[in-house]
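Engineer: Heads up: the sequence shown is residues 1 to 611, going by our numbering.
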Amino acid sequence: MASRLNDFSDDFDKGASTKRRVVDPFYQSRSQKRMRRHTLKMLPSDWVSRFVRIKDGDTGKVKKIDFSERKYLIRPYNSSAKKMLLMTSRQAEKSTTLGNKLFALSGMRPMYTSLFVSPSAMQTTVFSRTRLDDIVTVSPLLQAMVTKGNTWNILEKVWGNMSMIYLRYAFLTADRIRGLAVNAIFGDELQDLLVDNMPVIEETASHQKDPIYVYSGTPKSLDNNIEQYWAKSSTMTEWAIPCERHGTPKNPASWHWNILGVKNLGLSGPICEQCGGPINPEHPYARWVETNPGDPKRPETRPEFEGYRLCRLMVPWFWKDPGKWKEILEAYERYPTAQFMNEVLAVSYDSGTKPITRAELIRACDSKYTNDLAQVSELAKTHPMYFGIDWGTGQKAYTVLTAWCYCRSDDALQCVYMYRFEAQEADPEVQVEMIERLVSDLHGKYIGADYGMGFYQNKRLTSTFGPQRIHVFQYAARLPMKVAYSSKLHRYLVFRTPLLADIFHALKRGKLRLPDWEAIKEPFGSDVLSIFSEYSETMKMIKYDKPKSATDDSFHAMVYGVLASFLDHQRPDIITPTQDRSAQASDEYTLFETYAQDVDSEEMENPNQWG
Ligand SMILES: [Zn+2]
Numbered sequence: 001m002a003s004r005l006n007d008f009s010d011d012f013d014k015g016a017s018t019k020r021r022v023v024d025p026f027y028q029s030r031s032q033k034r035m036r037r038h039t040l041k042m043l044p045s046d047w048v049s050r051f052v053r054i055k056d057g058d059t060g061k062v063k064k065i066d067f068s069e070r071k072y073l074i075r076p077y078n079s080s081a082k083k084m085l086l087m088t089s090r091q092a093e094k095s096t097t098l099g100n101k102l103f104a105l106s107g108m109r110p111m112y113t114s115l116f117v118s119p120s121a122m123q124t125t126v127f128s129r130t131r132l133d134d135i136v137t138v139s140p141l142l143q144a145m146v147t148k149g150n151t152w153n154i155l156e157k158v159w160g161n162m163s164m165i166y167l168r169y170a171f172l173t174a175d176r177i178r179g180l181a182v183n184a185i186f187g188d189e190l191q192d193l194l195v196d197n198m199p200v201i202e203e204t205a206s207h208q209k210d211p212i213y214v215y216s217g218t219p220k221s222l223d224n225n226i227e228q229y230w231a232k233s234s235t236m237t238e239w240a241i242p243c244e245r246h247g248t249p250k251n252p253a254s255w256h257w258n259i260l261g262v263k264n265l266g267l268s269g270p271i272c273e274q275c276g277g278p279i280n281p282e283h284p285y286a287r288w289v290e291t292n293p294g295d296p297k298r299p300e301t302r303p304e305f306e307g308y309r310l311c312r313l314m315v316p317w318f319w320k321d322p323g324k325w326k327e328i329l330e331a332y333e334r335y336p337t338a339q340f341m342n343e344v345l346a347v348s349y350d351s352g353t354k355p356i357t358r359a360e361l362i363r364a365c366d367s368k369y370t371n372d373l374a375q376v377s378e379l380a381k382t383h384p385m386y387f388g389i390d391w392g393t394g395q396k397a398y399t400v401l402t403a404w405c406y407c408r409s410d411d412a413l414q415c416v417y418m419y420r421f422e423a424q425e426a427d428p429e430v431q432v433e434m435i436e437r438l439v440s441d442l443h444g445k446y447i448g449a450d451y452g453m454g455f456y457q458n459k460r461l462t463s464t465f466g467p468q469r470i471h472v473f474q475y476a477a478r479l480p481m482k483v484a485y486s487s488k489l490h491r492y493l494v495f496r497t498p499l500l501a502d503i504f505h506a507l508k509r510g511k512l513r514l515p516d517w518e519a520i521k522e523p524f525g526s527d528v529l530s531i532f533s534e535y536s537e538t539m540k541m542i543k544y545d546k547p548k549s550a551t552d553d554s555f556h557a558m559v560y561g562v563l564a565s566f567l568d569h570q571r572p573d574i575i576t577p578t579q580d581r582s583a584q585a586s587d588e589y590t591l592f593e594t595y596a597q598d599v600d601s602e603e604m605e606n607p608n609q610w611g
């Protein structure tokens with residue numbers, strides 16, 4: 001990294017490139033005459049200075065955004081990059097930046113459509129009200145751009161120039177986003193969006209010419225989505241602050257360049273990591289440096305995203321105010337390391353925990369069961385079989401089938417067969433035929449299948465085997481119980497986090513057993529081990545996810561198989577009832593309750609907030 005920092009020449013050129021004027025060709029051709037008179041050849045940061053006003057937190061006075069104190073924001077505002085990632089600490093003015101970029105895009109380009117998406121209804125609502133509506137209220141020039149009678153609500157805002165902003169949320173499913181067609185996507189709290197939803201979100205802009213993607217969030221563990229984007233697909237651009245006490249005075253390349261981190265925490269402000277002298281984040285030479293630019297001679301190696309790390313140590317109202325700086329030092333003392341790294345320094349840190357270790361998973365395997373179809377056929381003659389299916393697309397997500405039965409002398413439920421459909425079997429038609437044959441041959445009693453990707457397949461299987469045998473399950477972000485049948489939706493809803501926790505727990509306690517480790521370790525074992533858990537600040541609960549490059553389909557196929565077996569034998573020792581339900585007499589207890597209310601599977605906790 002040091003050598004990159006001292007390679008001083010390249011970044012002045014980068015600085016120049018941010019001066020490129022942003023002009024939309026569509027607008028240019030349609031109204032060239034008007035353009036000459038009323039030029040829009042402004043940089044987004046100039047536009048924001050002119051049009052956007054904010055309320056000063058301390059005085060309540062309405063004021064301009066001061067870019068002279070925030071030189072580091074100029075390039076993220078004005079860059080012509082089509083894909084941008086902002087990896088920020090908390091309280092680093094990230095939402096303001098996103099909101100202003102949205103204003104600038106909508107204001108500078110007529111008929112331009114943007115989508116804002118966050119993981120929860122609450123976050124999207126707060127953003128819509130405080131970062132858009134409230135700012136319009138205090139900014140007369142923005143107000144003038146709103147035409148009375150145009151749609152203007154939490155989910156949709158139409159400007160006088162017919163530019164539009166859609167606001168949506170997506171946690172477990174991106175269903176609310178499907179079908180939208182937009183020019184720009186703003187994905188906020190990227191760290192809490194599930195990896196599998198990203199393609200659906202990105203699809204909304206895929207048919208546009210030159211779509212713009214702006215993702216932002218606060219880092220978490222090294223496995224998290226945002227770190228994968230940052231380290232694997234971004235330029236990893238860092239704000240470098242010089243200390244002139246090193247090298248020769250007039251030669252910037254010889255100075256020491258600091259990239260803000262723990263070593264820059266001085267007693268009363270940011271210090272040089274080498275000599276301990278004070279450094280100035282607003283130093284006239286402070287600048288962005290790409291630490292992962294690819295090979296300049298081979299443009300195809302340039303990472304997809306222009307990534308910027310914005311940390312609290314460079315935010316003016318933190319480092320210039322001794323009281324606020326003290327808060328940072330206190331947080332350093334008080335916070336767990338991972339939290340401090342994530343939320344103050346905007347650095348990923350390995351705090352993600354594995355819900356099951358490799359050793360525990362191996363212990364759950366029984367070498368007697370060899371994942372061999374002949375053996376399974378033999379068992380199926382005397383034991384009812386339960387199947388679980390997780391449907392996949394064949395690209396980064398596969399269809400996996402699992403089969404289970406009570407064939408052991410103990411009371412554990414044994415998985416006897418796991419199969420992943422690959423290559424030419426990725427065709428849904430082929431899969432359905434193979435599954436139909438397997439279920440018939442093995443006299444499958446109940447089949448639990450995933451709702452997500454399997455609309456057509458589930459329908460086919462239901463017409464073959466009847467609704468008594470095929471049961472469709474859908475994960476929900478929140479639910480008053482763990483599993484519930486919704487007669488309206490004609491499928492089961494599964495409270496994802498606690499249910500997955502129970503399945504991991506049952507594997508660890510030997511209540512669920514898997515075939516021989518050697519026979520299943522690839523890909524099935526790896527799928528299970530790829531899952532990690534993190535506490536999601538925004539969702540206020542543990543979230544299970546997988547790294548972007550990994551698959552976890554086998555685990556979900558296991559979950560659906562276990563759930564299918566419960567249609568025969570409920571196992572309160574595996575899926576423990578939720579607290580208020582365990583108070584009921586045990587003979588009344590049923591895992592599969594009926595849930596009659598209107599269901600929004602993602603936001604059970606606060607269904608009225610869209611009102
Ligand atoms: Zn120094």
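By construction, the Cβ of each residue, glycine as well, lies at the ideal position given by its N, Cα and C atoms. None of these values were measured; they are calculated from a predicted model.
1) Should residue 457 go down as buried or exposed, given a rule of 16 or more other Cβ atoms within 10 Å for buried?
2) Could you spell out the range, first to last residue, of the alpha helix (DSSP H) harbouring residue 641?
3) Give the range of the alpha helix (DSSP H) segment to which residue 519 is assigned.
4) So residue 447 and residue 564 are supposed to be a Cβ contact under 8 Å. How far apart are they, rounded?
5) Is residue 245 near ligand 1 - that is, is its Cβ less than 6 Å away from at least one heavy atom of it?
6) With a threshold of 6 Å (Cβ to nearest heavy atom), would residue 256 be considered close to ligand 1?
7) With distances taken Cα to Cα, identify the nearest neighbour of residue 284 among 252, 95 and 301.
8) If residue 561 sits next to residue 415, beta carbons under 8 Å apart, how far is it from one beta carbon to the other, in whole angstroms?
9) Less than 6 Å between the CB of residue 277 and some heavy atom of ligand 1, yes or no?
10) May I ask which residues mark the beginning and end of the alpha helix (DSSP H) holding residue 306?
11) Quick test of your reading: residue 230 and residue 362, contact by CB under 8 Å. State the CB separation rounded to the nearest angstrom.
12) What distance in whole Å lies between the Cβ atoms of residue 533 and residue 543, which are believed to be in contact at a cut-off of 8 Å?
13) On a Cα-Cα basis, can you pick out the residue from 420, 379 and 374 that is closest to residue 388?
14) Can you give me the start and stop residues for the alpha helix (DSSP H) that residue 41 sits inside?
15) Can you check the region 433-513 for any alpha helix (DSSP H) of at least 4 residues that lies completely inside it and give the ranges in chain order?
16) For residue 272, is the beta carbon positioned less than 6 Å from some heavy atom of ligand 1?
17) Please report the distance separating the alpha-carbon of residue 519 from that of residue 385.
18) Cα-Cα, which of 376, 451, 500 and 424 is closest to residue 440?
19) Is the region 169-176 in contact with the region 81-90, if contact means three or more CB pairs nearer than 8 Å?
20) Rounded to whole angstroms, what is the Cα-Cα separation between residue 374 and residue 367?
21) Taking just the CA atoms, how far does residue 490 sit from residue 395?
22) To the nearest angstrom, report how far apart residue 270 and residue 506 are at their CA atoms.
23) Just reading off the alpha helix (DSSP H) that residue 162 is part of, what are its end residues?
24) Around the C-beta of residue 314, are 16 or more other C-beta atoms found within 10 angstroms, so that it is buried, or is it exposed?
25) Can you give me the Cβ contacts of residue 370 inside the same chain, cut-off strictly under 8 Å, excluding the 5 residues immediately before and after it?
26) Would you identify the three-state DSSP class for residue 420, choosing helix, strand or coil?
27) Rounded to a whole number of angstroms, what is the C-alpha to C-alpha distance between residue 345 and residue 337?
28) Within the same chain, show all residues whose beta-carbon is closer than 8 Å to that of residue 82, passing over the 5 residues directly before and after it, in chain order.
29) Three-state secondary structure (DSSP) at residue 215?
30) To the nearest angstrom, how far is the alpha carbon of residue 199 from that of residue 548?
31) From the DSSP secondary-structure annotation, give me the bridge partner or partners of residue 353.
32) Can you tell which of 256, 234, 536 and 249 has the C-alpha that lies nearest to the C-alpha of residue 240?
33) Let me check understanding here. Comparing Cα to Cα, which of 483, 539 and 558 lies closest to residue 572?
34) What are the boundary residues of the beta strand (DSSP E) that includes residue 283?
35) Any chance you could list the alpha helix (DSSP H) runs of at least 4 consecutive residues sitting entirely within the region 368-415, in chain order?
36) Determine the extent of the alpha helix (DSSP H) in which residue 544 is found, giving its start and end residues.
Structural biologist: Based on what the coordinates show:
1) Counting from one through the sequence shown, the residue named residue 457 turns up at place 457. Looking at its Cβ environment, which holds 16 or more other Cβ atoms inside 10 Å, residue 457 is buried.
2) For the chain, the structure presents residues 1 to 611; residue 641 sits outside this window and is missing.
3) Residue mapping note: residue 519 aligns to position 519 of the sequence shown, counting from 1. Segment 517-520, the alpha helix (DSSP H) holding residue 519.
4) By 1-based counting over the sequence shown, the position of residue 447 is 447. By 1-based counting over the sequence shown, the position of residue 564 is 564. Confirmed, Cβ separation roughly 6 Å.
5) Within the sequence shown, the letter at position 245 stands for residue 245. The answer is yes for residue 245.
6) Counting from one through the sequence shown, the residue named residue 256 turns up at place 256. Because some heavy atom of ligand 1 lies under 6 Å away, the Cβ of residue 256 counts as near it: yes.
7) In the sequence shown, residue 284 corresponds to position 284, counting from 1. Residue 252 is the option with its Cα nearest to residue 284.
8) On the sequence shown, residue 561 is found 561 positions in, with the first residue counted as 1. On the sequence shown, residue 415 is found 415 positions in, with the first residue counted as 1. About 7 Å separates the beta carbon of residue 561 from that of residue 415, a gap short enough to meet the 8 Å contact definition.
9) The residue you call residue 277 lines up with position 277 of the sequence shown. Distance from the C-beta of residue 277 to the nearest heavy atom of ligand 1 is below 6 Å.
10) By 1-based counting over the sequence shown, the position of residue 306 is 306. Residue 306 -> not in any alpha helix (DSSP H); beta strand (DSSP E) instead, spanning 306-310.
11) Position 230 of the sequence shown, counting from 1, holds the residue named residue 230. Position 362 of the sequence shown, counting from 1, holds the residue named residue 362. Not really, about 33 Å apart at Cβ, beyond 8 Å.
12) Translated into positions along the sequence shown, residue 543 becomes position 543. Translated into positions along the sequence shown, residue 533 becomes position 533. Correct: roughly 7 Å between the Cβ atoms.
13) As a working note, residue 388 is residue 388 in the sequence shown. Per the Cα distances, 420.
14) For the purposes of this step, residue 41 is taken as residue 41 along the sequence shown, with counting starting at 1. No alpha helix (DSSP H) contains residue 41, which DSSP labels as neither H nor E.
15) List check, alpha helix (DSSP H) in window: 455-465 and 496-508.
16) Locating residue 272 in the sequence shown gives position 272, counting from the first residue. Yes, the beta carbon of residue 272 sits closer than 6 Å to at least one heavy atom of ligand 1.
17) Taking the first residue of the sequence shown as 1, we reach residue 519 at position 519. Taking the first residue of the sequence shown as 1, we reach residue 385 at position 385. Taking C-alpha positions only, residue 519 is separated from residue 385 by approximately 20 Å.
18) Taking the first residue of the sequence shown as 1, we reach residue 440 at position 440. Of the listed residues, the one whose Cα sits closest to residue 440 is 376.
19) No, they do not touch.
20) As a working note, residue 374 is residue 374 in the sequence shown. As a working note, residue 367 is residue 367 in the sequence shown. In a straight line, the C-alpha of residue 374 is about 16 Å away from that of residue 367.
21) Here residue 395 refers to the residue found at position 395 when the sequence shown is read from its first residue. Here residue 490 refers to the residue found at position 490 when the sequence shown is read from its first residue. For residue 395 and residue 490, the distance between alpha carbons rounds to 28 Å.
22) Taking the sequence shown and counting its residues from 1, the one referred to as residue 270 is at position 270. Taking the sequence shown and counting its residues from 1, the one referred to as residue 506 is at position 506. Put simply, the backbone Cα of residue 270 is about 49 Å away from that of residue 506.
23) The sequence position of residue 162 within the sequence shown is 162, counting from 1. Residue 162 -> no alpha helix (DSSP H), and no H or E assigned at all.
24) Translated into positions along the sequence shown, residue 314 becomes position 314. With 16 or more Cβ atoms within 10 Å of its Cβ, residue 314 is classed as buried.
25) The residue given as residue 370 occupies position 370 in the sequence shown. Closer than 8 Å at Cβ, skipping near neighbours: 515, 516 and 519.
26) Stepping through the sequence shown from its first residue, residue 420 is reached at position 420. Residue 420 falls in the strand class under three-state DSSP.
27) For the purposes of this step, residue 345 is taken as the residue at position 345 of the sequence shown. For the purposes of this step, residue 337 is taken as the residue at position 337 of the sequence shown. One C-alpha to the other measures close to 11 Å.
28) As a working note, residue 82 is residue 82 in the sequence shown. Hits under 8 Å: 210, 211, 212 and 213.
29) Counting from one through the sequence shown, the residue named residue 215 turns up at place 215. If DSSP states are grouped into helix, strand and coil, residue 215 belongs with the strands.
30) Along the sequence shown, one-based indexing puts residue 199 at 199. Along the sequence shown, one-based indexing puts residue 548 at 548. So the two alpha carbons sit approximately 11 Å from each other.
31) By 1-based counting over the sequence shown, the position of residue 353 is 353. For residue 353, which the question treats as bridged, DSSP gives the partners 533.
32) Counting from 1 along the sequence shown, the entry for residue 240 is found at position 240. When only C-alpha atoms are compared, the closest one is 256.
33) Counting from 1 along the sequence shown, the entry for residue 572 is found at position 572. Closest by alpha carbon: 483.
34) As a first step, residue 283 must be located in the sequence shown, where it is residue number 283. Per DSSP, residue 283 lies in no beta strand (DSSP E) and is assigned neither H nor E.
35) If we require 4 residues or more, the alpha helix (DSSP H) runs fully inside the region 368-415 come out as 373-380.
36) To locate residue 544, count along the sequence shown from 1; it is residue 544. Segment 541-545 is the beta strand (DSSP E) holding residue 544; no alpha helix (DSSP H) there.
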